[in-house]
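Have a look at the structure below before the remarks.
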Amino acid sequence: MPASVESDVYSQIRSLQEEIATLRGLVEEQAYELKQLKQLQLDNYIDLDRRISGGSQSAAPAPSDEPLVSPSASVVDDNASEADVYKAAYDLLNQKDFTGAESAFKDHLTRFPSGDFASNSHYWLGKIAMLKKDYPQAKSWFTDLIANFPSAAKVPDAQLDLGKVYFLMGDKVKAKSLLSQLAAGNTDAARLASKFISDNF
Numbered sequence: 006m007p008a009s010v011e012s013d014v015y016s017q018i019r020s021l022q023e024e025i026a027t028l029r030g031l032v033e034e035q036a037y038e039l040k041q042l043k044q045l046q047l048d049n050y051i052d053l054d055r056r057i058s059g060g061s062q063s064a065a066p067a068p069s070d071e072p073l074v075s076p077s078a079s080v081v082d083d084n085a086s087e088a089d090v091y092k093a094a095y096d097l098l099n100q101k102d103f104t105g106a107e108s109a110f111k112d113h114l115t116r117f118p119s120g121d122f123a124s125n126s127h128y129w130l131g132k133i134a135m136l137k138k139d140y141p142q143a144k145s146w147f148t149d150l151i152a153n154f155p156s157a158a159k160v161p162d163a164q165l166d167l168g169k170v171y172f173l174m175g176d177k178v179k180a181k182s183l184l185s186q187l188a189a190g191n192t193d194a195a196r197l198a199s200k201f202i203s204d205n206f
């Protein structure tokens, strides 16, 4: 077999291996995202909403089957609370209306740039940018989250996705460095970072 043909075959094999590794990572990421979405709904929308409303120590109201707020109402209402504006954006994300969710999360950040949900909006905007394959924009959202909200619960997840963004952009040295730092921790994101490293480096 001529050397040039052999080289082309090798390059194609390497490319396929990278695509398979990326797809495997996406499957794991989707499973992890499902867990995150459930946790976000359970932990944030009730507890943080109560805290934002004034930290009342009275008993929480019984759960209701009705949504906290309709998406369209909270987005257009200038007097809506931060929790309502964020919930509206998240509802659109849950409905896979990524264009609407992107606009709504940006609207939330415009109204509440330092709010209790601001770090989450940065994170979801980064994830939406990843879905759109706009990796430079995803990098910007994740980097801003890590820099401006260093103690936020979403930081490990943002570090994981930022490492993947660097990998997808071809900067494997930076990706491995960032993911290795994350993998040294003891979080779900750390374990996923460790697996991503073992699968791709």
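For the sequence shown, my numbering assigns the number 6 to the initial residue and increments by one for each residue that follows.
Glycine included, every Cβ here is placed at the ideal spot set by N, Cα and C.
Span separating the alpha-carbon of residue i from that of residue j
i      : j      : result
Asp149 : Ala123 : 11 angstroms
Asp52  : Val90  : Legend: pLDDT at Asp52 = 48, less than 50; position of this residue unreliable, no value from coordinates given.
Asn99  : Leu136 : 14 angstroms
Ala88  : Ile18  : 49 angstroms
Lys177 : Asp13  : 22 angstroms
Ala152 : Pro118 : 14 angstroms
Asp112 : Asn191 : 34 angstroms
Leu21  : Lys138 : 19 angstroms
Lys92  : Ala106 : 10 angstroms
Lys200 : Ala189 : 12 angstroms
Leu114 : Pro155 : 17 angstroms
Asp83  : Ser108 : 15 angstroms
Tyr15  : Lys101 : 38 angstroms
Own chain partners of residue i with C-beta closer than 8 angstroms, once the 5 adjacent residues on each side are dropped
i      : result
Leu187 : Pro161, Gln164, Leu165, Gly168, Ala194, Ala195 and Ala198
Val24  : Note on residue identity: the sequence assigns Glu, not Val, to residue 24. Excluding residues within five positions, none has a Cβ falling inside 8 angstroms.
Arg116 : Glu87 and Val90
Ser58  : Bear in mind that the predicted position of Ser58 carries a pLDDT of just 40, short of 50, making it unreliable; the figure below should be weighed with that in mind. The answer, listed in chain order, is Ser86 and Ala88.
Cut-off 7 angstroms between Cβ atoms - residues of its own chain near residue i, not counting five sequence neighbours on either side
i      : result
Tyr128 : Leu150, Lys159, Asp162 and Ala163
Phe103 : Ile133 and Leu136
Asp185 : Looking at the sequence shown, residue 185 is not Asp but Ser. Hits under 7 angstroms: Ile202.
Trp146 : His127, Leu130, Gly131 and Ala134
Leu183 : Gln164, Leu167, Gly168 and Tyr171
Leu295 : With the chain running from 6 to 206 in the structure shown, residue 295 is simply not present.
Cβ distance (whole Å) where residue i is taken to contact residue j below 8 angstroms
i      : j      : result
Ala85  : Phe110 : Rounded, the Cβ-Cβ distance is 14 angstroms, inconsistent with contact.
Ile202 : Lys181 : 6 angstroms
Nonlocal neighbours in the same chain, by C-beta distance under 6 angstroms from residue i, ignoring five residues either side
i      : result
Ala157 : Ser124
Ala143 : Gly131, Ala134, Met135 and Val170
Gly120 : Glu87
Met174 : Tyr140
Phe206 : Lys181
*asked:* At 3 residues or longer, what runs of the beta strand (DSSP E) sit wholly inside the stretch 90-114?
replied: none
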